[in-house]
Amino acid sequence: MPNLKFILLQAILSKYGFLTTLLIVIQQLLSASSVYFLTKAINSISNPSEVINNIIIFFILIILPYIPVCIAQVTMYKVVNGTHSMIINKNIEPLRFQTNLLNNHIKEKYISNLSRNSFMIINDYFTYIYRVFSLILNVFFTIIIMATLISIEYLYSFIFSLILSFLFFNYIKNKIEVSSIMVENNLSSYASTIERSWSNFILGSKTNLILYKQHLKLNSDEYYTSKLNNAFLQQVSNLSSAIIALLPLAIVSIYLVNKNIDNHFILSAILVNLTRMVGLFSFLGTLIYDITNFINIKSRIQNMVESLDITKIISPARNSSMKPIYANGMIIEKYHDVLDLITTNSTGRFTITGQNGSGKTTLLYYLLEELKEQAIFVPTSPKELDWITKLENLSTGQQIYNILSTEITAESTKVILLDEWDANLDYKNKIEIDSLIDQLSQHQVIIEVIHKKS
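Numbering (my numbering), first residue to last: 926 to 1379.
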């Protein structure tokens, strides 16, 4: 698994990541500057022309920030798209020739997270990063301006609220993180159970269906209960953080209003900007919510990373003793014996036979792992792989024949591995493909596992 933290940091520092950051800085600087001109308009109430000029500038600074913020939304998606593409490519490359992963128990979770969940998780991550960065800049610029224009006490009260908020966060974060991880794990189990509904309802016996419904109810109860508990914990956190954030503002505002009750200019500035100040201090509550929500995002990323980590999956040892399998009637004691046949023969057709479960297909997987690009593997159902040949509306026999006749050349492929190509084919198709395989074996090595000897 590639280093996800490095990929995410690389994306933020990329050309479009830097551009998004710059646009957000410009947007918040323009927005915060509007406070200065609104307050200046109040203080120049005796000069009508100056009031009008300041109000015009105020509205210009309110409208202008929409331009960089809209552009930033587009550039952010360039960052998201590039990161998602990189993660997809870096995670599918290690799968090459890892045949032991074909039917591994992690396959469903891996595919689900990589194909369906990864974009949403990455998008949520960058949306969070840039939203919090935007909020921090908004507060930083505005609170400095407000403290300069009205009173330094607002800056002190904000710092006090910030300290209290982070103390509270450190108290609550572990509880929320444990709860969030539990939600993600329960959701994964619930989703896996839902995916089995197709087979159980269509193919399952009455007993299969009863057991499936029991598992479905158990997983659904666990997920819904953990989700409700997590939501309750987060909302308690939001309420507490809102009280912690706004109480110091209320105390300072009442104190300043009482102190300046006879100073109409300062009093007007306080009252006009009070709504904005409430919004700024509420940011602390939003910040706590976003941080707790980031724990959810972090747990989702952690869950995704763990499901995409295939390095811990160790390829099983190939058994030296197997049920008897044969190559052209000669008994094969070890998989490596067939590899020796390939290395000592530049052409030829070797038919692998044996009982069901004797390891014939596993032998082909072993050969593919060892030969890698020197071999081409044609499964029983060719549609499992992507081919140049269009396979739509063709029978299985026609698919195999077209692939063997048009896509495989002696120059590009040394070995052809065929897995039960004769399964479910009519007599005519078997004869045609069998004849074609004979022709190919004059120039290449053919290793075929057959369903039943024609």
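In this text, a Cβ means the ideal position worked out from N, Cα and C, and glycines have one as well.
Remember, predicted model here, so these are calculated numbers, not experimental data.
So, at 6 angstroms on beta carbons, what are the nonlocal neighbours of threonine 1338 in its own chain, with the 5 sequence-adjacent residues on each side left out? Here the set comprises Ile1301.
Check your understanding: When DSSP labels each residue in this structure, what does arginine 1121 get in the three-state scheme?
Key -> coil
message: By the three-class DSSP mapping on this structure, what secondary structure does phenylalanine 1022 have?
response: Secondary structure of phenylalanine 1022 (DSSP, three-state): coil.
Please report the distance separating the alpha-carbon of tyrosine 991 from that of asparagine 1327. Each residue's Cα considered, the two are about 57 angstroms apart.
Reference isoleucine 1380, options Ser969, Val1103, Leu1288, Ile1222, closest by Cα:
Nothing can be reported for residue 1380, as the shown portion of the chain is limited to 926 through 1379.
Practice problem: Evaluate contact between the segment 1170-1185 and the segment 1137-1151, counting only Cβ atoms and requiring at least three cross-stretch pairs below 8 angstroms. | Solution: no
- Query: On the three-state DSSP scale, how would you describe glutamate 1357?
  - Reply: Reduced to three states, the DSSP call for glutamate 1357 is helix.
*asked:* Can you tell me where the beta strand (DSSP E) holding threonine 1276 begins and where it ends?
replied: The continuous beta strand (DSSP E) containing threonine 1276 extends over residues 1273-1279.
Query raised in the report: Near leucine 1062, which residues of its chain fall below 7 angstroms by C-beta distance, leaving aside the five closest residues on each side in sequence?
Result: Ile949, Val950, Gln953
Alanine 1348 in three-state terms, based on DSSP = In the structure shown, the three-state DSSP call for alanine 1348 is coil.
Relative to the C-alpha of phenylalanine 1126, which candidate in Phe1058, Asp1311, Tyr1137 has its C-alpha closest?
Tyr1137
| said: Which of the three DSSP states is assigned to leucine 1319 in this structure? | reply: coil
If I'm right that leucine 1174 touches serine 1082 with Cβ under 8 angstroms, what's the distance once you round it to whole angstroms?
6 angstroms
Contact under 7 angstroms by Cβ, cysteine 1225 with isoleucine 1046
Reading the sequence as shown, one finds arginine at residue 1225 and not cysteine. Contact check for arginine 1225 against isoleucine 1046 passes: the beta carbons are separated by less than 7 angstroms.
Leaving out the 5 sequence neighbours to the left and right, which residues in its chain are closer than 7 angstroms to asparagine 1155 when beta-carbon positions are compared?
-> Ser1104, Ser1105, Val1108
Does the beta-carbon of arginine 1021 have 16 or more other beta-carbons within 10 angstroms, so that it is buried, or is it exposed?
By the 10 Å Cβ count, arginine 1021 comes out exposed.
Checklist line | Bounding residues of the alpha helix (DSSP H) (the contiguous stretch that carries isoleucine 987) | finding: 973-988
Item to check | Range of the contiguous alpha helix (DSSP H) that encloses isoleucine 1186 | outcome: No alpha helix (DSSP H) holds isoleucine 1186; DSSP gives it neither H nor E.
* **Cβ pair count under 8 angstroms reaching 3, the segment 1028-1041 against the segment 1001-1010** => no
Tell me the DSSP bridge mates of lysine 1255?
-> According to the sequence as given, residue 1255 is methionine; it is not lysine. Paired residue(s): Ala1252.
Could you say if the segment 1084-1102 and the segment 968-978 meet the contact criterion of at least three C-beta pairs nearer than 8 angstroms? no
* Asked: Three-state secondary structure (DSSP) at isoleucine 1169?
  -> helix
Please state the DSSP three-state secondary structure of isoleucine 1372. strand
Can you look up isoleucine 1301 in the DSSP assignment and give me helix, strand or coil?
strand
Review point. Can you find at least 3 beta carbon pairs, one from the segment 938-946 and one from the segment 960-969, that sit closer than 8 angstroms?
Key: By the Cβ criterion, the segment 938-946 is not in contact with the segment 960-969, since fewer than three pairs of Cβ atoms, one from each stretch, lie closer than 8 angstroms.
Using a 10 Å radius around the Cβ and a threshold of 16 neighbouring Cβ atoms, would you call threonine 1268 buried or exposed? Looking at its Cβ environment, which holds fewer than 16 other Cβ atoms inside 10 Å, threonine 1268 is exposed.
Q) Looking only at its own chain, which residues have a Cβ that is under 6 angstroms from the Cβ of leucine 955, when we skip the five neighbours before and after it? A) Leu986, Leu989, Pro990
Margin query: Out of Leu1128, Leu1134, Phe1093, Leu1141, which one is the CA nearest neighbour of tyrosine 1115?
Written below: Leu1141
Query raised in the report: What do you get for aspartate 1265, buried or exposed, if any count of 16 or more other CB atoms within 10 angstroms of its CB means buried?
Result: Classification for aspartate 1265: exposed.
| query | In three-state terms, what does DSSP make of isoleucine 1341? | reply | strand
Can you check which of these residues, Glu1309, Asn1228, Gly1279, Asn1185, is closest to glutamate 1102 by C-alpha distance?
Asn1228
Determine the direct distance from the alpha carbon of alanine 1348 to that of asparagine 1318, and round the result to whole angstroms. 18 angstroms
Endpoints, the alpha helix (DSSP H) within which lysine 1285 is located
1285-1296
Margin query: Buried or exposed, going by whether 16 or more other CB atoms sit within 10 Å of the CB of leucine 963?
Written below: buried
Tell me which residue opens and which closes the alpha helix (DSSP H) that glutamate 1332 is part of.
Looking at the DSSP string, glutamate 1332 is not in any alpha helix (DSSP H), and its letter there is neither H nor E.
| message | Three or more C-beta pairs under 8 angstroms: does that hold for the segment 1270-1281 against the segment 1301-1312? | response | In the pairwise beta carbon analysis, the segment 1270-1281 is classified as not touching the segment 1301-1312: fewer than three pairs are separated by under 8 angstroms.
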